[in-house]
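Notes follow once the structure below has been shown.
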Amino acid sequence: MKKLEMLLGAALLLLAPKAFADTVRRALVIAHNGSDDPALAPLRYADDDGVLWAETLKRLGVDTTLLVDPDEPTRKAGSLVLKGARAPTREAVDQAVKRLQAASLADHAAGHQVDVLIVYVGHGNTDDAGRAYFTLADSRLDRTNLYSEVVDPLGADYVHVIADACRASGVVGRRGGTPDAALLAELRGVLAREQLASRPNVGALFAESDDGETHEWSRIRAGVFSHVARSGLLGGADINGDGQVEYSELAAFVAASLHGVKGMPARLSVNAFAPTASPRRPLVGPAPEGPSVTFPAGFEYARLSVEDADGQRLVDVRRAPQQWTQILLPLRDVYWVRAPDAEARVTLAQLSAGPPELHPRELQERGPAEEALRRGLFSVPLDRSFYDEYVVAAGLVPVDFTTFAPPVVGGLLPRLGAPQSGPGSAWELGLGAGRSPLGLSSFATGPSLSWRTPSSSVHLLYYGARGAYGVTPLAARDGIRLHRFTLEGLVGLQDPARTPLFAEVGMGWGVLGLVAPGFRQADPLLLTSHVAAGVTGRLAGMKLRLSARVGMDRVTANGRTGMDPQYGLEVSLRR
Numbered sequence: 101m102k103k104l105e106m107l108l109g110a111a112l113l114l115l116a117p118k119a120f121a122d123t124v125r126r127a128l129v130i131a132h133n134g135s136d137d138p139a140l141a142p143l144r145y146a147d148d149d150g151v152l153w154a155e156t157l158k159r160l161g162v163d164t165t166l167l168v169d170p171d172e173p174t175r176k177a178g179s180l181v182l183k184g185a186r187a188p189t190r191e192a193v194d195q196a197v198k199r200l201q202a203a204s205l206a207d208h209a210a211g212h213q214v215d216v217l218i219v220y221v222g223h224g225n226t227d228d229a230g231r232a233y234f235t236l237a238d239s240r241l242d243r244t245n246l247y248s249e250v251v252d253p254l255g256a257d258y259v260h261v262i263a264d265a266c267r268a269s270g271v272v273g274r275r276g277g278t279p280d281a282a283l284l285a286e287l288r289g290v291l292a293r294e295q296l297a298s299r300p301n302v303g304a305l306f307a308e309s310d311d312g313e314t315h316e317w318s319r320i321r322a323g324v325f326s327h328v329a330r331s332g333l334l335g336g337a338d339i340n341g342d343g344q345v346e347y348s349e350l351a352a353f354v355a356a357s358l359h360g361v362k363g364m365p366a367r368l369s370v371n372a373f374a375p376t377a378s379p380r381r382p383l384v385g386p387a388p389e390g391p392s393v394t395f396p397a398g399f400e401y402a403r404l405s406v407e408d409a410d411g412q413r414l415v416d417v418r419r420a421p422q423q424w425t426q427i428l429l430p431l432r433d434v435y436w437v438r439a440p441d442a443e444a445r446v447t448l449a450q451l452s453a454g455p456p457e458l459h460p461r462e463l464q465e466r467g468p469a470e471e472a473l474r475r476g477l478f479s480v481p482l483d484r485s486f487y488d489e490y491v492v493a494a495g496l497v498p499v500d501f502t503t504f505a506p507p508v509v510g511g512l513l514p515r516l517g518a519p520q521s522g523p524g525s526a527w528e529l530g531l532g533a534g535r536s537p538l539g540l541s542s543f544a545t546g547p548s549l550s551w552r553t554p555s556s557s558v559h560l561l562y563y564g565a566r567g568a569y570g571v572t573p574l575a576a577r578d579g580i581r582l583h584r585f586t587l588e589g590l591v592g593l594q595d596p597a598r599t600p601l602f603a604e605v606g607m608g609w610g611v612l613g614l615v616a617p618g619f620r621q622a623d624p625l626l627l628t629s630h631v632a633a634g635v636t637g638r639l640a641g642m643k644l645r646l647s648a649r650v651g652m653d654r655v656t657a658n659g660r661t662g663m664d665p666q667y668g669l670e671v672s673l674r675r
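Residues 101 to 675, numbered by the working numbering, are exactly what the sequence shown covers, in order.
Following this line, the structure appears as structure tokens:
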């Protein structure tokens with residue numbers, strides 16, 4: 101049933117691609133540093149995250165209500181979003197829900213659809229009865245109240261919950277403490293029972309790790325997951341360039357950004373549950389005009405961050421070499437665009453002049469945990485290859501790559517082929533094992549080198565070439581060795597947006613040589629062909645391709661020409 105609902109939702113979106121154009125988006129951001137559990141130390145940056153979440157969503161055209169109790173440094177920073185903010189009390193939450201409910205009724209009467217984002221940053225916990233809850237300034241918001249008193253009364257067409265909290269494996273994230281296995285098992289069931297099973301219009305995104313923890317990082321003055329998610333919503337995750345960010349895009353962006361983090365106590369991962377009634381429902385839509393910076397395909401630097409004049413990190417991205425990226429920015433007078441070894445100061449007025457010119461700067465190394473984050477965070481780009489493989493593995497519905505064109509940068513159209521046509525051509529180094537030529541031994545083994553063009557959700561056909569060498573070390577007791585070299589053209593089919601499976605055929609030319617003491621013979625006109633099928637995937641961060649192949653050689657040996665069957669397995673590492 102769930103799969104059928106997802107397919108129906110995707111079909112409706114394909115039939116009505118402009119369905120989101122008349123959507124009003126609102127948000128409720130709740131952020132609180134404190135905890136009602138003496139065992140949990142107060143957080144340092146939940147209030148900063150709340151402010152940044154409000155600034156980010158406002159920049160994206162989302163009408164945002166902020167509930168936060170800022171500490172003194174956050175208050176002195178003077179963000180404009182703090183002027184209308186209230187403390188995150190239960191009364192403030194109830195009043196905010198009533199205002200959002202009234203706004204939804206008015207929007208529906210005007211013929212609009214309504215999406216509401218609920219963002220919680222802070223401590224979560226479980227009470228003595230094992231009930232999970234968010235911590236507010238004066239009370240608790242448990243999972244029952246979250247849905248029955250916040251989500252449901254909103255009256256929205258769709259609700260999106262983003263949680264970066266203290267103890268989460270459901271709607272709750274974790275930043276401190278060590279939960280036991282029973283606690284994590286309880287929390288993991290929250291979304292499945294409360295959201296996915298009974299609320300097809302509710303989606304959620306949250307982070308967790310091997311021991312249930314997520315992390316704050318002083319270098320960015322924010323929670324790692326919140327910072328990465330905001331970076332994705334501000335453009336880093338928009339892989340097809342349509343100005344909207346869907347669940348599959350944001351989840352893949354977060355996964356790619358966290359993928360390279362090593363040396364931490366626990367590995368972070370992302371969990372995404374798109375609304376089953378509309379799996380491609382975007383969390384945010386095309387943003388209004390405002391500050392932005394665009395990095396075209398071929399831009400010199402891949403790892404980029406943007407900070408404001410006070411050193412607050414606003415956005416981080418890791419671009420693929422041939423990928424254009426447009427980043428939306430919260431309003432500031434001055435920005436610093438930084439790469440690992442270069443930087444540029446850019447004023448608000450200079451943003452429209454094209455990509456900034458970065459100049460060398462010095463690096464400062466810090467402790468091992470911070471170094472693990474500095475080197476690993478955003479070390480993997482969200483390119484089409486990573487996106488396609490992640491979406492298949494996560495079971496998410498992919499975005500549409502057929503409709504949208506990249507923006508014009510400085511009067512020039514960036515090179516196509518980054519978000520629209522997938523990653524560049526791929527080289528693969530492989531190792532194969534199979535039947536020995538002429539049946540003189542049980543098997544032969546050797547390396548191969550292949551090149552293939554990319555396939556995408558639009559063009560399923562790929563082509564390429566493959567060179568392979570195999571040797572049969574001891575073909576017989578008299579010391580005969582068989583050497584086989586082939587060069588083939590390849591044509592194959594693969595749909596990376598939906599399945600990691602592929603099939604291909606190859607035809608070409610080869611050389612077969614026999615070497616023995618006092619004896620040498622070769623066929624330099626060997627004709628070969630094969631059919632192969634297999635699967636692509638990732639293992640320990642490496643792109644792998646495993647295939648089984650069956651083929652036929654036309655070979656001449658001892659003056660006689662015949663057909664020699666070939667079969668075997670090959671595993672390849674992809675660039």
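Heads up, the beta-carbon is just placed ideally off N, CA and C, and yes, glycines get one too.
Endpoints, the beta strand (DSSP E) within which residue i is located
i, result
"tryptophan 436", "434–439"
"phenylalanine 395", "392–395"
"proline 138", "Proline 138 -> no beta strand (DSSP E), and no H or E assigned at all."
"proline 573", "Where proline 573 is concerned, there is no enclosing beta strand (DSSP E), given that its DSSP letter is neither H nor E."
"glutamine 426", "425–428"
"phenylalanine 619", "619–639"
"serine 550", "544–552"
"valine 446", "442–447"
Where residue i falls: helix, strand or coil (DSSP)
i, result
"alanine 366", "In this predicted model, alanine 366 has a pLDDT of only 49, less than 50, meaning its place in the structure is not dependable; the value taken from the coordinates is given anyway. In this structure, alanine 366 counts as coil in the three-state DSSP scheme."
"valine 162", "coil"
"glutamine 201", "helix"
"phenylalanine 306", "strand"
"alanine 657", "strand"
"tryptophan 527", "strand"
"proline 455", "coil"
"threonine 376", "coil"
"proline 537", "helix"
"leucine 687", "As displayed, the chain neither begins before 101 nor continues past 675, which places residue 687 out of reach and without an answer."
"glutamine 195", "helix"
"arginine 190", "helix"
"phenylalanine 325", "helix"
"alanine 154", "helix"
"valine 129", "strand"
"valine 480", "coil"
"alanine 146", "helix"
Contact belief for residue i with residue j at Cβ below 8 Å, rounded distance in angstroms
i, j, result
"alanine 356", "tyrosine 401", "Contact doesn't hold; Cβ gap of about 17 Å is too wide."
"valine 370", "leucine 358", "7 Å"
"leucine 54", "histidine 223", "Because the chain in this structure spans residues 101 to 675, residue 54 falls outside the shown range and cannot be described."
"glycine 668", "arginine 649", "6 Å"
"arginine 321", "glutamine 412", "6 Å"
"proline 391", "leucine 334", "Contact doesn't hold; Cβ gap of about 10 Å is too wide."
"alanine 192", "arginine 126", "No, alanine 192 and arginine 126 are not in contact; Cβ-Cβ is about 16 Å, not under 8 Å."
"glycine 323", "aspartate 149", "5 Å"
"aspartate 264", "serine 326", "4 Å"
"leucine 590", "arginine 566", "6 Å"
"tryptophan 153", "valine 250", "Contact flag wrong, Cβ pair sits at about 17 Å."
"glutamine 594", "phenylalanine 602", "4 Å"
"alanine 526", "arginine 418", "Alanine 526 to arginine 418, Cβ: 19 Å. No contact."
"proline 537", "aspartate 653", "7 Å"
"valine 197", "proline 253", "6 Å"
"leucine 614", "leucine 587", "Wrong, their Cβ atoms sit about 20 Å apart, outside the cutoff."
"glutamine 426", "glycine 398", "Contact flag wrong, Cβ pair sits at about 15 Å."
Alpha helix (DSSP H) segment containing residue i, residue limits
i, result
"valine 611", "Here valine 611 belongs to no alpha helix (DSSP H); instead the beta strand (DSSP E) covers 601–616."
"tyrosine 347", "347–359"
"phenylalanine 501", "Premise fails: phenylalanine 501 is in no alpha helix (DSSP H) and is neither H nor E."
"glutamate 588", "Looking at the DSSP string, glutamate 588 is not in any alpha helix (DSSP H); the run it does join, the beta strand (DSSP E), is 581–594."
"tyrosine 487", "484–494"
"alanine 177", "172–177"
Whole runs of the beta strand (DSSP E) within the region 203–277, excluding any shorter than 3 residues: Runs of the beta strand (DSSP E) inside the region 203–277: 213–222, 224–226, 232–235, 240–242 and 258–265.
Segment contact, 8 Å Cβ cut-off, at least three pairs: the region 223–235 with the region 129–137: Segments in contact, yes.
The region 161–181 in contact with the region 241–260 per 3-pair CB rule at 8 Å: Inter-segment contact for the region 161–181 and the region 241–260 is absent: fewer than three beta-carbon pairs are separated by less than 8 Å.
Runs of beta strand (DSSP E) wholly within the region 381–422 (minimum 3 residues, chain order): Runs found: 382–384, 392–395, 403–408 and 413–418.
The region 251–264 / the region 375–383 touching (three or more Cβ pairs under 8 Å): Output reads yes: the region 375–383 touches the region 251–264.
Touching by the beta-carbon criterion (3+ pairs, under 8 Å), the region 616–633 and the region 547–555: No, the region 616–633 is not in contact with the region 547–555.
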